[in-house]
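Peer 1: In my numbering, the protein residues as written are 1254 to 1679. My questions all concern the structure below.
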Ligand code: GDP
Ligand code: IMO
Ligand code: MG
């Protein structure tokens, strides 16, 4: 049975949420397995827009189970807010949402630390995190001493655990000139209340998913962020703190890789990035502003304007290979419909040499000059098109070229935010 992953191949916000919602009907279970409330996934169905940070984008289908697996860092108030928000819109998640007892909890000291470190300059600029406590929480997971897992919140020694960690964290936060004062009693009461409310959702998802794959269930894995933000293989240090490329699926979900047989690489027809770090094809000019306006490129989580630029085939070829991508889903094709001319970066110039590999060091990536191929635009509205054959020749040529540069077939094309605005390539 299929184990299919949806992985963003750029710097996030490739419209993974739309794709997961669209594909959910073919699966038994949808799994979020890394990242946390730094993600913002949008699903649009008719006049309804859903913005999901924690809950998998399969949640609108009541027949499908949605799992927040062990690799996620969970922010309890955020997930509860999402549960209540969905309930107020008639979507009851009590039967089809489960949360791993192994997932780590983002605690107030993680949020405080993320904020306190926000202005630190790393390799020439700020990382520009989403301020959701992601890095500090993953750091404590790896460090072990000061970690809190979802399962710890519902055990008798939770208060003692908080007392011990607060005693270690307070001097550290004070040393960062952070004004937050941690009140262990208050934190305990707040998080105990969250734990009581979350308890019915909490299970051993690793055991459940292993049973599911052995019972031949069909699983859809929903990646968060994008492969270029991968902690090990992305544009370090301007990355997130989890393995957000295809290599992270197995560890984050707790399911051996042999059960994953299809990886859909999601790309925009151009590139965006939020936060700091090198971005070779960035258009910090009128073209970038036009793309931002046409694509409404403002962050789902933070509202920050997204940096915009041309499609970078060097980067996407790298992340498609890294993620084991079998086919591409090209999103936001409609956004390019008003541009008379479209560029794609197909190689870089580094120290006077033409290269087609993606540099491993951010400083080299900062120095590269993109070499572009220029493609005539199609200047035709594609948002009402539902069949591949209806697309203008120019748009088909663009998709063919993306496929050739990235060396993967284009299988799905998105021409607008709605579920319906999708073309399956025959
Ligand atoms: P994710 O984080 O990868 O799920 O992506 P986001 O939800 O952060 O950002 C994608 C944005 O593009 C959302 O506002 C979507 O509603 C919107 N969107 C998705 N597909 C399309 C498309 O084909 N065209 C346009 N114009 N917008 C789209
Ligand atoms: P989705 O799932 C886009 C970026 C931040 C910052 C860097 C580190 O919606 O695609 P973090 O808070 O994770 O420590 O921030 O990663 N970032 C994202 N950018 N989409 C996301 O998620 C992102 N999640 C994190 O902007 O540059
Ligand atoms: Mg997003």
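Virtual Cβ for every residue (Gly too), placed ideally from N, Cα, C.
1) Quick one, which of 1554, 1404 and 1588 has its alpha-carbon nearest residue 1384's?
2) Sorry if obvious, but does the Cβ on residue 1528 come closer than 7 Å to a heavy atom of the ligand MG?
3) Assign residue 1348 to one of three DSSP states: helix, strand, or coil.
4) In chain order, what residues of the same chain lie with their CB nearer than 6 Å to the CB of residue 1527, ignoring the 5 residues before and after it?
5) Would the beta-carbon of residue 1638 fall within 8 Å of that of residue 1668?
6) Note down, one range per segment and in chain order, each alpha helix (DSSP H) of at least 4 residues found wholly within the region 1374 to 1451.
7) Looking at residue 1628: is its Cβ nearer than 8 Å to the Cβ of residue 1654?
8) Along the chain, where does the beta strand (DSSP E) containing residue 1682 start, and where does it finish?
9) With DSSP run on the structure shown, which of helix, strand or coil describes residue 1592?
10) So, with DSSP's three-state summary, where would you put residue 1639?
11) In whole angstroms, what is the alpha-carbon distance linking residue 1197 and residue 1365?
12) Check whether the Cβ atoms of residue 1584 and residue 1519 lie closer than 8 Å to each other.
13) If we ignore side chains and look at the alpha-carbon of each, how far apart do residue 1307 and residue 1422 end up?
14) Can a CB atom of chain C be found closer than 8 Å to the CB of residue 1437?
15) Can we count residue 1572 as close to the ligand MG, meaning its CB is less than 7 Å from some heavy atom?
16) With 16 as the cutoff for other CB atoms within 10 Å, does residue 1342 come out buried or exposed?
17) DSSP has residue 1564 in a bridge; who is on the other side?
18) What's the gap between the Cα of residue 1391 and the Cα of residue 1380?
19) What residue range is occupied by the uninterrupted alpha helix (DSSP H) comprising residue 1525?
Peer 2: The answer reads as follows:
1) 1554
2) no
3) coil
4) 1552, 1557 and 1559
5) yes
6) 1387 to 1396, 1403 to 1406, 1411 to 1428 and 1437 to 1451
7) yes
8) This structure cannot speak to residue 1682, because the chain is shown only from 1254 to 1679.
9) coil
10) coil
11) This structure gives no information on residue 1197, because the portion of the chain shown stretches from 1254 to 1679.
12) yes
13) 26 Å
14) No chain C is part of this structure, which consists of one protein chain only.
15) no
16) exposed
17) 1597
18) 16 Å
19) Here residue 1525 belongs to no alpha helix (DSSP H); instead the beta strand (DSSP E) covers 1524 to 1526.
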